[in-house]
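Participant: What the sequence shown shows, in this note's numbering, is residues 45 to 705, in sequence order. Ideal Cβ positions, reconstructed from N, Cα and C, are used throughout, including at glycine. Just so you know, these numbers come straight off a predicted model, no measurement behind them.
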Amino acid sequence: MLNGYIEVLREDFASFEPGYLPSDISAIGEYHYYKPGYTGIWYEPNKCTSWQGRKCWMIKETEGAFFIEQQLNKASVSPWHDTLPVLIAGDKKWRGVSMECRVCVLAPADRCGIIFRYTDSRHYYFFSLDRGKKAVLYKKADDALVELASCDFTYGIDDDLLLRASAAGGQIDCYIDNQLLISADDGSYTEGCIGISAYCPARFYYVSVETPVGENRELAQKNRADAMRLSGQTAANPKMKLWKIINLRDFGSSRAYRCADLNGDGVREFVFIQSMATMGSGDEHMISCMTAVDADNNVLWQIGRPARDAYMATCDMPVQIYDIDGDGKAEIIYCKDFKIIVADAATGKTKYFAPTPKSIPHEKYKIYQNIIFERIIGDSIRICNFSGNGRASDILIKDRYNNIWAYNAKLELLWHRYVNCGHFPYAFDINGDGKDELVAGHSLIGANGALIWELPGMECHVDEIVIGKFDPSNDKYQIAMASGEDGFLLVDQDGNFIGRDRPGHAQRISVADYRPDLPGLEICVTTFWRNTGIITMYDCKGRKLYSHEPGANGNLICPVNWNANGEALMLYSANTELGGLYNGKLEQAVRFPADGHPDLCSDAADLCGDSREEILAWDQHMMYIYTQDDNPAEIGFTTQRYEEYNFSNYRGEFIYAHNKG
């Protein structure tokens, strides 16, 4: 132990069973809170699409000593969404730190080393052994890995090396086998936790972290003060009160569900949607069973037969509930068995149907092509108003990434368009002519299917979109996009850029008055692929305010009216520890009760009709519904939310609140 320091972390991996460290390199965590198993103190922030089907980290043992081995070799994976395999642990408030780790590189084809002052997966220091020839101190700065200092250092596959990095203020010293090799002065990051990383096969035998005794005491005091402050904020908000429990028996699903008034009684019911992957494709799920149930556990109808393994899906479901024919009764519009079906929402009985469109191959976006059948399965459905009938009465259907088709209420084709359409296009009457335009990916398309404009230079697809007037100083509509590797985009209705940021792979987006002390509405974005779970808040002009990496997946960032004062909170997930409702400064404001509720899926919906949302938490077995412990309350505002008849796991969420009167 260093003089004046105290050990605050030691890991020898003895608490693990031998075998792969539980990990999930899939899209499950985009909108589910999903922890695949015991990972001890470690969190894996990075996910790369080219790692799918592989695991990076394995716990091993030799002669009674445990260690962790990173097995992925950069040379063997696709560069698409490339990122470093990383494990993170510790306290992000550590300032002065001395970290050491014994390492053996099994194949020195790339980098391997230790991470410190880690803020998130885009900001940290990395002391690395580099390709058998060098020792390098890097700074991770957004997408760049910047070399701060280096020295020649030859090592081989039989060398066990003790790496140590010490940081005090801006001074950073790096050692190998207690020999000082690198010194640097850099004050970019002043605090953070630690980690290990390798992009070549390597073993990490133990990790130890020490911090100055004085700073450790100060941190403990600060943590107590922060806890008291947050406790006061939490006390000012209504607590969650369990309202209903629904037993989902054998028909439960993941976040493939719908909530709407099915039978016209003024009360919302639920439809749980099960699906099966087609030929093993996570992008091509066909609906196998739908079950309608009310909040009192009564099954209203069922289409298909429930299946035990048909509840988890990582794609959208082509289902909406809406009075499409204008007869005053809701229909359920869905795709199943290569048909677009319009059925009575109260009974599930089919009224009429048409075949889904034929699959159309295209070259421009062939990276996304996964055509399996002659007709499309149907990726998602949106209710639109292209016909100008005074109400939404048209149906938009799409394949996974390339094609969209518009139909009228009779399922007669209006038009087809090939475009990089993203996950869930947004229909909105942006020019006030009584007909919807369509923001499909990076393009604006007219009500007749003609291209109006397209954003230049885009390389990825759009995951989520919100349209509104967020900035009170701008009369034009603004379009906010979570656009994957292209980042967060904010453009006006004419396709002019207002703001852009690259927080990582932008996955989800929401807009609300998260900060009533600031003008306009705030925009929140969270990431997934590559740098997972970084949540960034922007002001109404798209300027970054701050960011936070809570250390979990499944961050919905769904705005919620929870208080009676109209201040929007944000639903992260239903996890008791890391989830709950957060305020506009990304601080936990309302916690879930520790009552054994499921936390795989969550959502917000106004089920009591008081302009405030209830919180739904469920998995394939049970759904818990929470309301406020002060319900009912006098509400001084009305709200506009995303219409319930256009639900999607890829829709940007918003709340626009208006004072009554």
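May I ask which residues mark the beginning and end of the beta strand (DSSP E) holding asparagine 605?
Facilitator: Segment 602 to 605, the beta strand (DSSP E) holding asparagine 605.
Participant: Kindly list the residues whose CB is nearer than 7 Å to the CB of valine 52, restricted to its own chain and excluding five residues on each side of it in sequence; keep chain order.
Facilitator: Closer than 7 Å at Cβ, skipping near neighbours: Val253, Glu254, Thr255, Asn260.
Participant: By a C-beta neighbour count over all protein chains shown, 10 Å radius and 16 as the cutoff for buried, is glutamine 537 buried or exposed?
Facilitator: So glutamine 537 ends up on the buried side.
Participant: Proline 676: buried (16+ other C-beta within 10 angstroms of its C-beta) or exposed?
Facilitator: Label assigned to proline 676: exposed.
Participant: Going by Cα to Cα distance, which pick from Gly392, Asn281, Arg435, Ile376 is closest to isoleucine 425?
Facilitator: It is Ile376.
Participant: Please name the residue or residues paired with serine 172 in a DSSP beta bridge.
Facilitator: Gly157, Val180, per the DSSP bridge assignment.
Participant: Enumerate in chain order the residues of its own chain whose CB-to-CB distance from serine 655 is below 7 Å, with the five nearest sequence positions on each side excluded.
Facilitator: The residues are Asn605, Ile679, Phe681, Thr682, Thr683.
Participant: Please give me, in chain order, every unbroken run of the beta strand (DSSP E) with length at least 3 that falls completely inside the region 295 to 343.
Facilitator: Qualifying beta strand (DSSP E) stretches, in chain order: 301 to 304, 313 to 322, 325 to 337.
Participant: Could you have a look at alanine 185 and say whether DSSP puts it in helix, strand or coil?
Facilitator: Looking at alanine 185 - three-state DSSP - the assignment turns out to be strand.
Participant: Can you list, in chain order, the residues of its chain with a C-beta nearer than 6 Å to that of isoleucine 289? Leave out the 5 residues immediately preceding and following it.
Facilitator: The residues are Tyr668.
Participant: Quick one: using the 10 Å Cβ neighbour count with 16 as the cut-off for buried, is proline 62 buried or exposed?
Facilitator: Exposed is the call here.
Participant: Leaving out five residues on either side along the sequence, give the residues of the same chain with a beta carbon under 7 Å from the beta carbon of leucine 207.
Facilitator: Same-chain partners within the cutoff: Glu144, Cys145, Val147, Gly157, Ile158, Phe171, Ile220.
Participant: Distance, Cα to Cα, methionine 272 vs leucine 488?
Facilitator: Spanning the two alpha carbons is a distance of roughly 49 Å.
Participant: Output yes if chain C places a C-beta closer than 8 Å to the C-beta of tyrosine 378; else output no.
Facilitator: Of the protein chains in this structure there is only one, and it is not chain C.
Participant: From the DSSP secondary-structure annotation, give me the bridge partner or partners of phenylalanine 657.
Facilitator: As written in the sequence, residue 657 is glutamate, which differs from the phenylalanine given in the question. Paired residues: none, contrary to the question.
Participant: Using 8 Å for Cβ pairs, my map puts tyrosine 366 next to alanine 357. What's the rounded Cβ distance?
Facilitator: No, tyrosine 366 and alanine 357 are not in contact; Cβ-Cβ is about 22 Å, not under 8 Å.
Participant: For arginine 293, which of Tyr689, Tyr694, Glu687, Asp663 has the nearest alpha-carbon?
Facilitator: Of Tyr689, Tyr694, Glu687, Asp663, the residue nearest in Cα terms is Asp663.
Participant: For phenylalanine 111, which residues of its own chain have a beta-carbon under 8 Å away from its beta-carbon, when the five flanking residues on both sides are left out?
Facilitator: Only Phe57, Ile103, Lys104, Glu105, Arg247, Phe248, Tyr249, Tyr250 meet the Cβ criterion.
Participant: Can the beta-carbon of alanine 526 be found less than 8 Å from the beta-carbon of isoleucine 699?
Facilitator: Cβ distance not < 8 Å, so alanine 526 and isoleucine 699 don't count as in contact.
Participant: Looking at valine 130 and glutamate 74, is the spacing between their C-beta atoms short of 8 Å?
Facilitator: No, Cβ-Cβ distance for glutamate 74 and valine 130 is not below 8 Å.
Participant: Classify arginine 161 as buried or exposed, calling it buried when 16 or more other Cβ atoms lie within 10 Å of its own Cβ.
Facilitator: Arginine 161 is buried by the Cβ-count criterion.
Participant: Please state whether DSSP places tyrosine 409 in a helix, a strand or coil.
Facilitator: With a pLDDT of 49 at tyrosine 409, under the threshold of 50, the modelled position of that residue is not reliable, and no figure is offered here.
Participant: Does DSSP put serine 252 in a helix, a strand or coil?
Facilitator: Note: serine 252 maps to strand in three-state DSSP.
Participant: Alpha carbon to alpha carbon, how far is threonine 400 from isoleucine 420? Give it in angstroms, no decimals.
Facilitator: Near 6 Å, if we compare the C-alpha coordinates of threonine 400 and isoleucine 420.
Participant: How about aspartate 647 and leucine 660: do their beta carbons lie closer than 8 Å?
Facilitator: Closer than 8 Å, so yes.
Participant: Smallest Cα separation from glycine 372: which of Asp388, Val483, Lys520, Asp443?
Facilitator: When only C-alpha atoms are compared, the closest one is Asp388.
Participant: Looking at the secondary structure, which residues open and close the alpha helix (DSSP H) in which glutamine 265 lies?
Facilitator: Segment 257 to 279, the alpha helix (DSSP H) holding glutamine 265.
Participant: What residues are listed by DSSP as bridge partners for isoleucine 496?
Facilitator: Answer is none; isoleucine 496 lacks a bridge partner.
Participant: With DSSP as the reference, label asparagine 575 as helix, strand or coil.
Facilitator: DSSP places asparagine 575 in strand when its eight states are reduced to three.
Participant: Write down every uninterrupted run of the beta strand (DSSP E) in the region 461 to 486 whose length is 3 residues or greater and which is fully enclosed by it, in chain order.
Facilitator: Listed in chain order, the complete beta strand (DSSP E) runs (minimum 3 residues) inside the region 461 to 486 are 470 to 472, 481 to 484.
Participant: In the DSSP assignment, what residue or residues form a beta bridge with alanine 510?
Facilitator: Per the sequence shown, the amino acid found at residue 510 is valine instead of alanine. Note: valine 510 sits in a beta bridge opposite Ala524.
Participant: Starting from the C-beta of leucine 622, find all residues in its chain whose C-beta is less than 6 Å away, skip the five residues before and the five after it, and write them out in chain order.
Facilitator: Only Pro594, Ala596 meet the Cβ criterion.
Participant: Using the beta-carbon count (16 or more within 10 Å), is isoleucine 542 buried or exposed?
Facilitator: Isoleucine 542 comes out buried.
Participant: Using three-state DSSP, classify isoleucine 72 as helix, strand or coil.
Facilitator: Helix, per DSSP.
Participant: Return the Cβ separation of valine 634 and asparagine 281 in integer angstroms, given the expectation that the two are a contact with Cβ distance under 8 Å.
Facilitator: At roughly 5 Å, the Cβ-Cβ gap stays under 8 Å, so valine 634 and asparagine 281 are in contact.
Participant: So, under 8 Å CB-CB, isoleucine 553 and glycine 696 are touching, yes? Tell me the CB distance rounded to an integer number of Å.
Facilitator: Contact flag correct, Cβ pair sits at about 4 Å.
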